[in-house]
Amino acid sequence: MNLDDREMPMEPDRRRRLTPLPGGKTVPDEDLMAAVARGDQAAFADLFDRFAGSVYGVVKRVVRDPSQSEEVAQEVLVEVWRTATRFDPDRGTVQTWILTMAHRRAIDRVRSEQASRDRTERIAIRDRSRAFDEVAEEVELRFEHQQVREALSALTDLQREAVELAYYGGHTYREVADLLDTPLGTVKTRMRDGLIRMRDAMGVAR
Amino acid sequence: MSADIHTLAGAYAVDALPDDEREMFEVHLDACDACRQEVAELQATAARLGSASAVTPPPGLRDAVLGRIDDVRQEAPPRPASRQEVTSISPARRWLSSVAAPAAAIVAIAVLGLSAVVANLGNRIDQLETSTTQLTDVMAAADAQVIDVDTGGPETVRVVMSTARNEAVFLVDGMEAAPDGHAFVLWLIDDQGAAEPAGTLSVDERGRATRVLAGELSTTVAIGVTVEPDDQPIRQPTTDPIMVAELTT
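Protein sequences, first through last, are from chains A and B. Per this note's numbering, the first sequence starts with residue 1159, numbered consecutively. Per this note's numbering, the second sequence starts with residue 19, numbered consecutively.
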């Protein structure tokens, strides 16, 4: 993957999913992953080019701080290499596997930071949710993610806010309940039915 | 607090569960096919949200990562999961014939200075003296309820119970081991104040204990813990309970 491709944000989907090979052939993510699991470093470099942007994007959105985000993204990608043998195509796509790991690591980082920050925590939460509004706009501006945008806009306000504050804002459902001044049970339910509605709108199998 | 554990799938998929609930839900996932399927789909949905956040990574990231993997050994392929064999626990029923008179006082006594916190359940699973299978079965039950017991302090004790299965799991953390020559004994207490022994609670070196309780839960209104000499048959409480977890919410 060359630098030019990476600087064309309007067509990242094709780049991420399928890497052109000499002769016009493409390797599905799953096959690339299988090669990585066998220790193929060149395959891992290809995998990196497909997913590094998403991994960094997810982590950055939650963690915010660029240098910490880079550190976490690096950990995640090395973890992908280290645990590649665990990937099971029957249980989901490569994209889901990697981005689930990335999000989880980002959340873990934020939580350990939070735990050590103690009293300033509340301020941090407010800052992150403010920052989140800006990111939400970024998402909306991106044409290639129209499907995600449409799926989000099909949600009720509460569903959308609950999902976004959790996923992009990195908040626990208890924090989300506080932020939205909504009962815990309602927030849990809205997160779930919001995601279910998005799943159906986007035709996500898994 | 009591909650239907299945509704946590959404919050789990977006990593919005606090650590202790996350681990508890993962235990549940181990046993609940429906939830596992749903979580897989909702994680795939969340990954789409993530993919929509893709940005150009910092210029140094590629070299840093590709430079590091050379020094990182890959894990061996996982073996098929094996589950711990079921260790038979003493069913409370076995105690029934020998249960003595009601201990009415127990019900009235509130939680007494128990330093217990429930956390990291998932990490404990392989250490359980009780059956992993029973534990996950309770967690997976359609009517599984989680009851966080308010100990009056920052500590909590957690009971996961299924009325349909007539089983409950009792969990504590941060608890000191029983004094030498003594054991913690769990009691199912009914609305008449009768206490039925439901096994012992073995606290590990990290202060954690988990016990699957099998007994007549439909008439149980509270679970009590007492300290008993461990060289005598357990028929009825000989000491005041150090805690009582009320099950009615």
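From the three backbone atoms N, C-alpha and C, an ideal C-beta is built for every residue, glycine too. Given the structure is predicted, the values throughout are model-derived calculations rather than measurements.
7 angstroms Cβ shell around residue i - same chain, five flanking residues per side excluded
i                       : result
residue 195 of chain B  : 221
residue 1268 of chain A : 1220, 1221, 1328
residue 201 of chain B  : 218, 246, 248
residue 1298 of chain A : Reliability fails at residue 1298 of chain A, whose pLDDT of 40 lies under 50, so the model's placement of it is uncertain and the value that follows must be treated cautiously. Closer than 7 angstroms at Cβ, skipping near neighbours: 1307.
residue 36 of chain B   : none
Which of helix, strand or coil DSSP assigns to residue i
i                       : result
residue 215 of chain B  : strand
residue 260 of chain B  : coil
residue 270 of chain B  : Since the first residue shown for chain B is 19 and the last is 267, residue 270 of chain B is missing from the structure and cannot be characterised.
residue 1234 of chain A : helix
residue 1324 of chain A : helix
residue 180 of chain B  : strand
residue 1341 of chain A : coil
residue 1354 of chain A : helix
residue 90 of chain B   : coil
residue 265 of chain B  : coil
residue 227 of chain B  : strand
residue 1226 of chain A : helix
residue 59 of chain B   : helix
residue 1248 of chain A : helix
residue 185 of chain B  : strand
residue 1335 of chain A : helix
residue 254 of chain B  : coil
residue 74 of chain B   : coil
residue 166 of chain B  : strand
residue 1184 of chain A : strand
residue 22 of chain B   : strand
residue 200 of chain B  : strand
residue 208 of chain B  : strand
residue 221 of chain B  : coil
residue 83 of chain B   : helix
Check whether residue i and residue j have beta carbons under 7 angstroms apart
i                       : j                       : result
residue 231 of chain B  : residue 216 of chain B  : yes
residue 162 of chain B  : residue 1306 of chain A : no
residue 227 of chain B  : residue 262 of chain B  : no
residue 1220 of chain A : residue 1264 of chain A : yes
residue 65 of chain B   : residue 1226 of chain A : no
residue 1357 of chain A : residue 1313 of chain A : no
residue 1229 of chain A : residue 76 of chain B   : no
residue 1352 of chain A : residue 1317 of chain A : yes
residue 1188 of chain A : residue 1247 of chain A : yes
residue 183 of chain B  : residue 160 of chain B  : no
residue 1190 of chain A : residue 1207 of chain A : no
residue 28 of chain B   : residue 1350 of chain A : yes
residue 1236 of chain A : residue 90 of chain B   : yes
Contact set for residue i: own chain, Cβ-Cβ below 6 angstroms, skip 5 residues either direction
i                       : result
residue 1331 of chain A : 1345, 1346
residue 1231 of chain A : 1213, 1214, 1217
residue 31 of chain B   : 57, 60, 61, 64
residue 209 of chain B  : 239
Inter-residue CB distance, residue i and residue j (contact presumed, cutoff 8 angstroms)
i                       : j                       : result
residue 157 of chain B  : residue 46 of chain B   : 4 angstroms
residue 260 of chain B  : residue 238 of chain B  : Incorrect: roughly 18 angstroms between the Cβ atoms, too far for contact.
residue 229 of chain B  : residue 204 of chain B  : 6 angstroms
residue 26 of chain B   : residue 39 of chain B   : 7 angstroms
residue 1209 of chain A : residue 1256 of chain A : 5 angstroms
residue 74 of chain B   : residue 1197 of chain A : So it is not a contact: roughly 28 angstroms between Cβ atoms.
residue 1320 of chain A : residue 1338 of chain A : 7 angstroms
residue 167 of chain B  : residue 178 of chain B  : Actually they are not in contact, since the Cβ atoms of residue 167 of chain B and residue 178 of chain B sit about 11 angstroms apart, beyond 8 angstroms.
residue 1262 of chain A : residue 33 of chain B   : 6 angstroms
residue 87 of chain B   : residue 1199 of chain A : 7 angstroms
Residue i versus the options, residue with shortest Cα-Cα distance
i                       : options                        : result
residue 223 of chain B  : B/250, B/205, B/190            : B/190
residue 1193 of chain A : A/1210, A/1222, A/1240, A/1211 : A/1240
residue 1361 of chain A : A/1272, A/1235, A/1333, A/1309 : A/1309
residue 175 of chain B  : B/86, B/193, B/183, B/200      : B/193
residue 49 of chain B   : B/249, B/85, B/153             : B/153
residue 1311 of chain A : A/1325, A/1266, A/1359, A/1324 : A/1359
residue 53 of chain B   : B/22, B/80, B/198              : B/22
residue 1325 of chain A : A/1266, A/1233, A/1270         : A/1266
residue 235 of chain B  : B/181, B/85, B/55              : B/181
residue 188 of chain B  : B/211, B/209, B/210, B/164     : B/164
residue 1238 of chain A : B/257, B/92, B/72              : B/92
residue 1130 of chain A : B/84, B/51, B/225, B/68        : In the structure displayed, chain A extends from 1159 to 1364; residue 1130 of chain A sits before or after that span and is not available.
Own chain partners of residue i with C-beta closer than 8 angstroms, once the 5 adjacent residues on each side are dropped
i                       : result
residue 255 of chain B  : 121, 124, 203, 205, 213, 242, 244, 246
residue 1195 of chain A : 1242, 1243, 1245
residue 94 of chain B   : none
residue 1274 of chain A : none
Heavy atom of the ligand GDP within 6 angstroms of residue i beta-carbon
i                      : result
residue 220 of chain B : Within the structure as shown, the ligand GDP is missing, as the structure has no ligands at all.
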